[in-house]
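Report on one structure; see the data block that follows.
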Amino acid sequence: MNSNNKTQLLSTQIANDPFCMAFDWNGQNLYIGNKISQTIEVIRTQGTQYRATILSNDHSPATVSQPVALAVDSERGLLFWLDQGAGSSSHKVARAEMDGKNALVVVNNDLSELDHLTLDPQNQRIYFSEAKAGRITSVSYDGQDKHYVLNDGGKQPRGLAFFNTRLYYADSAFDKIEVAEVIGDGQAPDFSDFRTNIEQLVNIKVVHPAAAGAASHPCHTNNGNCEHLCIPRQYSQFSCMCGSGYTLEGTAKCKLYDESFLIVATKNRISGIGIDEQGHQKGIAVEPIGGTAITSVDFDFESKSIFYADAGGPNKDWINYNLYFINADSDRTHIEVSHLNGENRKILLTTKTETPTSIAVDPVSRFIYWADQGQKPSIQRAQLDGAHKTVIVHIGLKEPTDLIVDPNSHMIYWTDAGMDGIYRVHSEGGTPELVRSDIAEATGIALIGQFMFWTDRRLEKVFSASSRPNQTLLLSPTTVAGNLADLKPPCPQLCFAIPGSPTPTCACSRGVLKGRSCEEPDTFMMFLDGDKIVDATLVPTSKLLHP
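Laid out in structure tokens, this is it:
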């Protein structure tokens, strides 16, 4: 071992997320427990570092809420973890196969704040510590024969290590490591000092050649012929797993995930969950994306790009390749548009009296829609260039939080946290129709075929149901072409398809439109607008508006 030879195995965008880890000596994989993401993932340490999420907060009895310690028995293909619990999930000791399958609870009663765990693979026993309670508990792999190895409120056992028949623990209260011979008769052993005067003692591990695993294990030979991850199973068996964003092709090869999946955004994390034809979860479609104050998300399937906003919901015109988003400053809110790469950004609409919170684009009908949470909540729409703004719903609204366009029916669906439901209306407007009621606090909505998915902020869950109760929808492949997809773009900067017109409207993000070009004016005005210096053309019908 050389302390100067360091290799970064994991780069995460979510601060303070990875909390605990365990190394699999047969598969040469590292298991990571993430407290903020509420997941356990596995990372290949040799060769290309593929990573995959194997366990998450699925609200099952063995759900991952706050993993604080991990351990593996690679010979038996088992992963163990301590979970501090959160919300409706309680403290527990749990286990699963090393690919995350067949998860079950080992212990979930008489537990306080959990700290560390270690394994005695020979006798198939788990040891875990509860520092505040001064306890170390021993239990079999299947949850039987539970008893205390240490039960002393004056001690503070944290890190644990088991080797041969000896159990070591780190006592952070007395800055020392204690050791005892564990006979296995169920009686508490007598601990003695192993090392003393160790300040800020946190964790311990025993380093020994036996931890290197069996060289004959198939995962040691060409990674078991697995393209991504070789996952040990019991009796020297193994299975292949693909990293996030990939799916198995056969038994060993991996291909890019190219099917439908659900994008789920929380305040600080975006994840992609694979969905089958029945709307059931089937794996992780993309690696997690971190953030700090994520408010909305959208995607472009053709370029395999995900867009997300820390301001207001982005939405993409997938025919004409423009990105629409909401941008709010201290005293006004803008609805803006740009190219997908962020270039040619332009303000379409500005308001000081309304509060747009979510935006949706229907590039087929050539309209944008948005939810307004102002003093008089409404659902509004305008053409893709921002012209002909109109209110299409002004009754039956309290707190519209997210909206989306059904690409098949062109109806507008939205969630209303104040009305505890999901509603829809025809694109021309009218009286809202209740689709789903008794929802605690719906904040996001998505449609995949005939399935509707929504997030509930209060319950911290994602739900699914039919978007058309008592109806069956037959979907057929459809190709839609815009009038802006020529090899030679008809506009110099921004191009908008207009309802009922074969001719697009051109616009300039800066400058003045002259024919088919955008020209910077020779003379313009600069003025102070709040905390920004803004320049504007002297031609009243043209705008620079570039802070």
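Under the UniProt record's numbering, the first residue of the sequence shown carries the number 1, and numbering increases by one thereafter. Think of the CB as a built atom: it goes at the ideal place given N, C-alpha and C, for glycine as much as any other residue.
Measuring only the C-alpha atoms, how far is residue i from residue j?
i	j	result
residue 63	residue 295	26 Å
residue 198	residue 174	9 Å
residue 23	residue 263	30 Å
residue 486	residue 357	The predicted model places residue 486 with a pLDDT of 44, which falls under 50 and marks its position as unreliable; any figure quoted below should be read in that light. Cα-Cα distance, rounded: 33 Å.
residue 253	residue 28	19 Å
residue 183	residue 115	24 Å
residue 45	residue 30	7 Å
residue 500	residue 333	29 Å
residue 150	residue 80	21 Å
residue 402	residue 425	14 Å
residue 279	residue 38	Residue confidence for residue 279 is low, a pLDDT of 49 falling below 50, so the modelled location carries little weight and cannot support an answer.
residue 541	residue 355	In this predicted model, residue 541 has a pLDDT of only 49, less than 50, meaning its place in the structure is not dependable; the value taken from the coordinates is given anyway. Roughly 25 Å between the two C-alpha positions.
residue 388	residue 338	19 Å
residue 128	residue 118	6 Å
residue 154	residue 102	38 Å
residue 454	residue 432	18 Å
residue 172	residue 148	19 Å
residue 41	residue 493	44 Å
residue 368	residue 259	27 Å
residue 33	residue 68	7 Å
residue 143	residue 229	29 Å
residue 16	residue 36	7 Å
residue 380	residue 244	38 Å
residue 289	residue 452	23 Å
Reducing DSSP to helix, strand and coil, say where residue i ends up.
i	result
residue 394	coil
residue 279	Bear in mind that the predicted position of residue 279 carries a pLDDT of just 49, short of 50, making it too unreliable to give a figure here.
residue 203	coil
residue 444	strand
residue 230	strand
residue 29	strand
residue 491	coil
residue 186	coil
residue 209	helix
residue 327	strand
residue 20	strand
residue 272	strand
residue 116	coil
residue 220	helix
residue 197	coil
residue 315	strand
residue 225	helix
residue 91	coil
residue 503	coil
residue 110	coil
residue 453	strand
residue 247	strand
residue 241	strand
residue 259	coil
residue 41	strand
residue 168	strand
residue 428	coil
residue 558	This structure does not reach residue 558, given that the chain is present from 1 up to 547, and the question cannot be answered.
residue 482	Low confidence applies here, because residue 482 scores a pLDDT of 48, under 50, leaving its location unreliable and the question unanswered by this model.
Among the options, which one has its Cα closest to the Cα of residue i?
i	options	result
residue 421	410, 452, 399, 438	438
residue 366	127, 163, 502, 145	502
residue 321	138, 345, 520	345
residue 370	171, 332, 412	412
residue 247	94, 89, 221, 274	274
residue 446	516, 459, 415, 41	415
residue 436	430, 423, 443, 444	423
residue 308	297, 317, 316	297
residue 386	257, 418, 188, 351	351
residue 261	249, 304, 226	304
residue 255	227, 98, 234	227
residue 194	168, 34, 47	168
residue 382	375, 376, 374, 391	391
residue 202	187, 497, 177	177
With which residues is residue i paired in a DSSP beta bridge?
i	result
residue 416	400, 421
residue 339	322
residue 98	Answer is none; residue 98 lacks a bridge partner.
residue 356	372
residue 362	367
residue 380	370, 391
residue 300	305
residue 518	513
residue 348	Residue 348 is not bridged to any residue.
Examine chain B for any beta-carbon lying closer than 8 Å to the beta-carbon of residue i, and answer yes or no.
i	result
residue 179	Chain labels in this structure do not include chain B; a single protein chain is all it has.
- Task: Taking only runs that begin and end inside the UniProt repeat "LDL-receptor class B" (124-166), name each unbroken beta strand (DSSP E) of 3 or more residues, in chain order.
- Result: 125-130, 135-140, 147-151, 157-163
- Message: List, from N- to C-terminal side, the beta strand (DSSP E) runs of 3 residues or more that fit wholly inside the segment 46-85.
- Response: 51-56, 67-73, 78-83
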